[in-house]
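Chemist: Just passing along the structure, written as structure tokens.
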Amino acid sequence: MKKNGDLSINIIVITVIALVVLILITFIFTGRITLFNKGLSDCLKIQGNRCNMGPNCDENYIKDSTRVCLNDDSSTDTVNACCSPLPTFAQ
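Position one of the sequence shown corresponds to residue 132 (the numbering used here), numbered consecutively onward.
Below, the structure is given as structure tokens:
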């Protein structure tokens with residue numbers, strides 16, 4: 132037999148888990164997890180990538196629009212382009 136106390140504890144635990152999930156979803160959709168996003172999208176975290184001065188990349192590089200260049204204060208640099216090296220194939 133179940134006690135009434137066991138049932139209410141289960142309901143409280145489920146409610147707390149649901150609230151945590153709801154808060155996480157809210158943070159994700161409102162963009163509050165920007166530190167996490169910036170860490171993943173930092174141009175210089177990828178070996179060979181570089182931030183070019185200006186909106187275009189040099190020869191043998193291609194603009195990577197999935198990555199961003201960061202300023203010294205970790206804010207997004209809207210002027211410079213993230214450039215990835217073009218793949219080279221041995222012939």
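Just so it is clear, CB atoms sit at the ideal spot from N, CA and C, and this is done for glycine as well.
#1: Taking 8 Å as the cut-off, does the region 202-214 touch the region 177-194 (at least 3 CB pairs, one atom from each stretch)?
#2: Along the beta strand (DSSP E) that carries R181, what are the first and last residues, could you check?
#3: Could you check the C-alpha separation between G179 and I159 for me, to the nearest Å?
#4: Can you give me the C-alpha to C-alpha distance between L153 and S172, rounded to a whole angstrom?
#5: On the criterion of 16 or more Cβ atoms from any shown chain inside 10 Å, does L201 qualify as buried, or is it exposed?
#6: Kindly indicate the opening and closing residues of the beta strand (DSSP E) around I193.
#7: CA-CA distance, L175 and N191?
Modeler: Checking against the coordinates, here is how it stands:
#1: yes
#2: Translated into positions along the sequence shown, residue 181 becomes position 50. Residues R181 to N183.
#3: In the sequence shown, counting from the first residue as 1, residue 179 sits at position 48. In the sequence shown, counting from the first residue as 1, residue 159 sits at position 28. Their Cα atoms are separated by approximately 30 Å.
#4: Here the question's residue 153 lines up with position 22 in the sequence shown. Here the question's residue 172 lines up with position 41 in the sequence shown. Taking the straight line from one Cα to the other gives about 25 Å.
#5: One-based indexing of the sequence shown puts residue 201 at position 70. Answer is buried; the Cβ neighbour count reaches 16.
#6: Position 62 of the sequence shown, counted from the start, is the residue given in the question as residue 193. Unbroken beta strand (DSSP E) run through I193: Y192 to K194.
#7: Numbered from its first residue, the sequence shown carries residue 175 at position 44. Numbered from its first residue, the sequence shown carries residue 191 at position 60. Spanning the two alpha carbons is a distance of roughly 17 Å.
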